[in-house]
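Encoded as C-alpha cells, the structure appears first; notes follow it.
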Amino acid sequence: MWILWFGVLLCSASYTMSVPFLPLFLFELGVAERDVNLWAGVVHSSAFFVGAIMAPLWGSVADKYGRKKMVLRAGFSLALIYALIGFVHNPWELVGVRLLHGFVGGFVPASMAIVSSVAPKEKLGWSLGMMQAGTMSGGILGPLIGGLLAEWFGMRMSFVAAGALIFAATAAVLFTVREGKPAPSNGTRSSLRGDLANVFRQKTLLYLLLLLVAFQMTYNMIQPLLTLHIADLQGSLEDAALTSGFVFALIGIAGIVASPYWGRTGERIGYPKVLAICLVGAAVAIASQFFISDLWLFTLIQFGFGLFMSGVVPAVNTLMVRSTPEDFRGRSFGLTASANQSGSMIGPLLGGGLGAFLSFQWIFVTAGVLYAALALVVWKLASRVTRRSEAS
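Under the numbering used here, the first residue of the sequence shown is numbered 8, with each subsequent residue one higher.
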C-alpha cells in the first residue's frame, strides 16, 4: 500500500505541476488573449471527456489481465504524454496530446483496486482514506514544483519533469508491488455493455456512481471561480494566483489530515453516516461564503470545507468495494473514475453558465443547497436499507 500511496502522490503531483499551467502555455503557442478562455476550456475538457468513456473499459481490462499491468500501462503511457506536451507547437497539437492523456489514464483507480484487494477487511476504509490523502498530497506539491521548474527552466521543461515523476512512480510499482492472486471467477467475462447493464441492476452501485457525478459536478462548479472571487475579496488581481494557490493548498492539507480519520470513523459508525455528515458539513461551509467579505475568514472556512469534503470519495470507494464481488473490483473502480471525470467535465460548464447570471455569493449558496440535497438522499437511502435489513 505504501508503494502505491507514493505512486498516486507522484501521479497526482505530475498532473497538478503541468495541467494548471496549460492556459498560460497557450500564450506561448500563439493563442490570442481574446481566445485563450475558449482554448483553455477545450484543452481541459477534452481529456475528461475521453477519460470518462475509457475508464470503464480499462477497469474491465484490469479485471481480465491484472490491475498491476494496468498501473504500468497507464504510468508509462502518461510519462510519455506529459513529456510530449513540452514539444507541441500549436494549440491543436496540445488538444491532441490531451485526448491521448484521457485515453491512457487509469493509474489511480487501478492502484486503488490493488489496495482494496489486499487490505485487511477491518482496515479497508483507513487504507482507501490514506490513498485519497496521497492523491491530495500530490495535488498540493504539484503546483509548487511545477511553478518553481517553470520559473527556473521554462514551462516546457516542467512538462518533461512531470513525465519523469510519473515514470519514477511506475518503475517503483514495477519492481516492488505484488498484486496477489486473482479472485475466483465463474469462468465468464461480461462485456462493457453487460457491465453497464449490471450497474443498473445493482441499485446500490448505481446510486453510488450518480452520487459521485453529482458531488464532483458541485465541487468543480465553484473551483474555476475561486481565483476571481479571491481577487475580488482582496481588492485587486495582483498576487491573486499566489493567494489562490495558498487557499487550494490549505484545502488539500485539510484533506490529508481528515481522510484517514473519516476512514476510521466509517468503520466504527458506518460509511453512509459518514457520507451524510461530510455532505452536510460541506454544505454549511460552502453556503456560509454568502456572508463572508474578509479574505482571512474565507480562507479559514475553505479549510473547514476541505475537512468535510475529503471524507466523501473514500467513503464512496469503500461502499463500492463492499457492494461488488472481487472479480468485478477493477471494473468498479473504472466506473468510479468515469463518474468522477463526468462530474469534473460538467461542473466547470455549469459554474461558468451560472456565473453569467449570478454573483459569486449565490453560486456558493447553490453549491451548498446541492450538497445538502445529496446528504438528504444519502440519509433516506441508508435508512431504507436499514429498515429492509431489520425486516429480513
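Glycine residues also receive a C-beta, built at the ideal position from the N, C-alpha and C atoms.
According to DSSP, is ASN347 part of a helix, a strand, or is it coil?
Along the sequence shown, one-based indexing puts residue 347 at 340. Looking at ASN347 - three-state DSSP - the assignment turns out to be helix.
Are ILE258 and GLY313 close, meaning C-beta to C-beta below 8 Å?
To locate residue 258, count along the sequence shown from 1; it is residue 251. To locate residue 313, count along the sequence shown from 1; it is residue 306. Yes, the pair counts as a contact, with Cβ atoms nearer than the cut-off.
If we ignore side chains and look at the alpha-carbon of each, how far apart do GLY113 and GLY103 end up?
Stepping through the sequence shown from its first residue, residue 113 is reached at position 106. Stepping through the sequence shown from its first residue, residue 103 is reached at position 96. GLY113 and GLY103: Cα-Cα distance of roughly 18 Å.
From LEU148 to LEU212, what distance separates their C-alpha atoms?
The residue labelled residue 148 in the question sits at position 141 within the sequence shown. The residue labelled residue 212 in the question sits at position 205 within the sequence shown. Whole-angstrom Cα-Cα distance: 33 Å.
Does the beta-carbon of ARG74 have 16 or more other beta-carbons within 10 angstroms, so that it is buried, or is it exposed?
For the purposes of this step, residue 74 is taken as residue 67 along the sequence shown, with counting starting at 1. Per the 10 Å Cβ criterion, buried.
Tell whether a beta-carbon distance below 8 Å holds between VAL115 and VAL184.
Position 108 of the sequence shown holds residue 115. Position 177 of the sequence shown holds residue 184. Not a contact, by the Cβ cut-off of 8 Å.
Hey, how far is the Cα of VAL372 from the Cα of SER345?
Numbered from 1 along the sequence shown, position 365 holds the residue referred to as residue 372. Numbered from 1 along the sequence shown, position 338 holds the residue referred to as residue 345. Each residue's Cα considered, the two are about 27 Å apart.
Quick one: any contact between the segment 90-101 and the segment 113-133, if contact means 3 or more CB pairs under 8 Å?
no
Straight-line CA distance for ALA54 to LEU106?
The residue you call residue 54 lines up with position 47 of the sequence shown. The residue you call residue 106 lines up with position 99 of the sequence shown. Distance between the alpha carbons of ALA54 and LEU106 is about 5 Å.
Are the Cβ atoms of GLY82 and ILE173 separated by less than 8 Å?
Start at 1 with the first residue of the sequence shown, and residue 82 comes out as number 75. Start at 1 with the first residue of the sequence shown, and residue 173 comes out as number 166. A contact, by the Cβ cut-off of 8 Å.
Can ALA221 and TYR278 be called in contact, C-beta distance under 8 Å?
As a position in the sequence shown, residue 221 is number 214, starting the count at 1. As a position in the sequence shown, residue 278 is number 271, starting the count at 1. No.
Which residues bound the alpha helix (DSSP H) around MET8?
Here the question's residue 8 lines up with position 1 in the sequence shown. Where MET8 is concerned, there is no enclosing alpha helix (DSSP H), given that its DSSP letter is neither H nor E.
Measuring only the C-alpha atoms, how far is TRP46 from PRO98?
Counting from 1 along the sequence shown, the entry for residue 46 is found at position 39. Counting from 1 along the sequence shown, the entry for residue 98 is found at position 91. The straight-line gap from Cα to Cα measures roughly 8 Å.
Could you check which residue in MET228, LEU215, LEU240 has the C-alpha nearest to that of VAL384?
For the purposes of this step, residue 384 is taken as residue 377 along the sequence shown, with counting starting at 1. Answer by Cα proximity: LEU215.
Using 10 angstroms around the beta-carbon of MET228, count the other beta-carbons present and answer buried if the total reaches 16, otherwise exposed.
The residue labelled residue 228 in the question sits at position 221 within the sequence shown. MET228 comes out buried.
Between the alpha carbons of ALA290 and THR306, how many angstroms are there, rounded?
Within the sequence shown, residue 290 is the residue found at index 283, counting from 1. Within the sequence shown, residue 306 is the residue found at index 299, counting from 1. Looking at the two C-alpha atoms, the distance is approximately 16 Å.
Count the other CB atoms within 10 Å of the CB of SER123; is the residue buried (16 or more) or exposed (fewer)?
Along the sequence shown, read from residue 1 onward, the residue named residue 123 stands at position 116. Looking at its Cβ environment, which holds 16 or more other Cβ atoms inside 10 Å, SER123 is buried.
Would you report the Cα separation of PRO267 and GLY37, rounded to the nearest angstrom?
To locate residue 267, count along the sequence shown from 1; it is residue 260. To locate residue 37, count along the sequence shown from 1; it is residue 30. Using only the alpha carbons, I get a separation of about 45 Å.
For THR195 and THR225, I'd like the C-alpha separation in whole angstroms.
Mapped onto the sequence shown, residue 195 falls at position 188. Mapped onto the sequence shown, residue 225 falls at position 218. Any reading at THR195 is ruled out, since the residue's pLDDT is 47, under 50, leaving its predicted position unreliable.
Mapping the DSSP letters down to three states, classify ASP42 as helix, strand or coil.
As a working note, residue 42 is residue 35 in the sequence shown. ASP42 falls in the helix class under three-state DSSP.
Are the Cβ atoms of ALA261 and LEU17 separated by less than 8 Å?
Position 254 of the sequence shown, counted from the start, is the residue given in the question as residue 261. Position 10 of the sequence shown, counted from the start, is the residue given in the question as residue 17. Result no, Cβ atoms of ALA261 and LEU17 do not sit closer than 8 Å.
Among the candidates PHE94, GLN223, GLY145, whose CA atom is the shortest distance from the CA of THR343?
The count along the sequence shown starts at 1 and reaches residue 343 at position 336. THR343 has its Cα closest to that of GLN223, out of PHE94, GLN223, GLY145.
Out of VAL50, TYR22, ALA380, PRO127, which one is the CA nearest neighbour of LEU33?
Position 26 of the sequence shown, counted from the first residue, corresponds to residue 33. Closest by alpha carbon: VAL50.
If you draw a straight line from the C-alpha of LEU365 to the C-alpha of LEU131, how long is it?
Taking the first residue of the sequence shown as position 1, residue 365 is located at position 358. Taking the first residue of the sequence shown as position 1, residue 131 is located at position 124. Between LEU365 and LEU131, the C-alpha separation is close to 42 Å.
Expressed to the nearest angstrom, what Euclidean distance is found between the alpha-carbon atoms of ALA76 and LEU11?
Numbered from its first residue, the sequence shown carries residue 76 at position 69. Numbered from its first residue, the sequence shown carries residue 11 at position 4. Ala is not the amino acid found at residue 76; the sequence shown has Lys there. Those two C-alpha atoms are separated by around 13 Å.
The alpha helix (DSSP H) that contains GLU100, what's its start and end?
What you label residue 100 is simply residue 93 of the sequence shown in a count that begins at 1. Its alpha helix (DSSP H) spans residues 98-111.
What runs of the alpha helix (DSSP H), each 4 residues or longer, lie entirely inside the segment 64-96?
74-92
Put THR306 into one of helix, strand or coil per three-state DSSP.
Stepping through the sequence shown from its first residue, residue 306 is reached at position 299. Residue state, collapsed to three classes: helix.
For the alpha helix (DSSP H) holding ARG400, just list the boundary residues, first then last.
The question about residue 400 has no answer here: the residues shown for the chain are numbered 8 through 399.
Check this for me: beta carbons of ALA59 and SER349, under 8 Å apart or not?
Translated into positions along the sequence shown, residue 59 becomes position 52. Translated into positions along the sequence shown, residue 349 becomes position 342. Yes, they are a contact pair.
With DSSP as the reference, label VAL180 as helix, strand or coil.
As a first step, residue 180 is located in the sequence shown; it is residue number 173 there, counting from the start. Three-state DSSP puts VAL180 in a helix.
Can you tell me the Cα-Cα spacing of ASN400 and MET143, whole angstroms?
What the structure shows of the chain is the stretch from 8 to 399, and residue 400 is not part of that stretch, so it cannot be assessed.
If you draw a straight line from the alpha carbon of TRP386 to that of LYS280, how long is it in whole angstroms?
Counted from its first residue, the sequence shown places residue 386 at position 379. Counted from its first residue, the sequence shown places residue 280 at position 273. C-alpha of TRP386 to C-alpha of LYS280: approximately 7 Å in a straight line.
Using DSSP with H/G/I as helix, E/B as strand and the rest coil, what is ALA126?
The residue labelled residue 126 in the question sits at position 119 within the sequence shown. Note: ALA126 maps to coil in three-state DSSP.
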